[in-house]
Each structure stands twice: as structure tokens, then as C-alpha cells.
Amino acid sequence: MTVRNLSPATQRSYINAVQKFSRYFGRSPDRLDLDDVHAFQVHLVSTGISWASQNQIVCALRFFYGITLGQNDVPERIPHARKPRTLPVVLSADEVVQFLEAISSLTARVALTCAHAAGLRVGEVCGLNDKCPGQGARGNCCGTDRTGFRCRS
């Protein structure tokens with residue numbers, strides 16, 4: 001692990017993860033196979049540990065099987081946990097009104113009211129100007145324009 005330039009903290013984490021894996025089955029980890037790894041992952045999910053902790057253990061097991069034991073086909077078959085998608089906070093109409101009324105700057109209030117009404121993103125609001133208000137709503141990451149304010153010029 002030192003040759004691969006892993007930090008001491010990562011080395012301790014990997015060793016602890018493999019020990020935990022070994023203790024769970026009561027056998028040496030080199031005698032455990034891919035089915036045991038998957039069963040251990042199911043156990044980890046049932047204990048409720050975070051996806052980041054699960055992925056740290058997965059990285060440790062991938063290192064153990066792929067580098068330490070030289071089983072090159074096993075690591076790619078150990079899946080990482082997915083980061084849970086969280087829904088954005090949606091304000092009620094009353095909360096939006098209360099928020100907008102709390103803004104003392106008229107310019108900022110107009111910009112935020114406009115952004116809220118048009119459903120603009122932060123970058124699109126920053127790109128707005130008084131001559132061509134549609135400039136900020138062009139060219140997203142997928143190469144398509146968003147419908148919203150459009151400049152006729």
C-alpha cells in the first residue's frame with residue numbers, strides 16, 4: 001500500500017475494512033469469494049451505514065482482491081454503492097413572498113422575482129442584461145437552449 005502511495009489513514013481504513021469482512025464470516029479473507037463479498041455488501045446496507053462508508057469498504061475489498069491476491073477479474077465485479085438522490089427543497093408560495101419581501105435592494109428583488117417567475121438557474125440570472133434578457137438562458141450542458149426569455153435581436 002505504501003508503494004502505491006496510499007496515505008496512512010487510507011491504509012488503516014483498508015486494513016480495518018478487510019478485518020471487518022473477515023470477522024463477519026469467521027474465515028480468512030483469501031478463502032472468501034465474490035458471493036461472500038456480495039453477501040457482506042447486503043449486510044452493510046442492512047446496518048444502515050452511509051454510501052460513502054460502503055464505498056470505502058468496496059475500495060478496500062477491490063484493492064485486496066485485485067492487488068494483494070492478484071485476482072484481476074474480481075474487483076470490477078464488486079459494485080460501488082450509489083449516492084442517494086435527494087430532492088431539492090421547494091418553497092411554498094408564502095415562503096417565496098416572504099423571501100422576496102425581505103430583500104431591501106430593488107435591483108436584487110427584481111432579478112430574483114424575474115428568476116423565480118421564469119424558472120431561471122443561477123448562471124442564467126447572472127447572464128441577464130437590460131439589452132437582451134434572453135442571453136442567460138442559452139447553451140446548457142446538453143447543447144440545447146432552454147425556453148424562457150428570448151432576445152429578438
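Using full-length UniProt numbering, the letters of the sequence shown map in sequence onto residues 1 to 153.
We treat Cβ as the ideally placed atom computed from N, Cα and C, and that holds for glycine.
For Ile57, the closest C-alpha among the options Pro75, Leu69, Gln71, Gly70 is that of Pro75. Straight-line spacing of the CA atoms in Val3 and Gly48 works out to 34 Å. In the three-state scheme derived from DSSP, where H, G and I count as helix and E and B as strand, Ala111 is classed as helix. Ranked by Cα distance from Asp33, the options Gly66, Ser50, Pro8, Lys83 are led by Gly66. The Cβ atoms of Val18 and Ile78 do not sit closer than 8 Å to each other.
Asp73 sits in coil when the DSSP states are folded into three classes, being neither helix nor strand.
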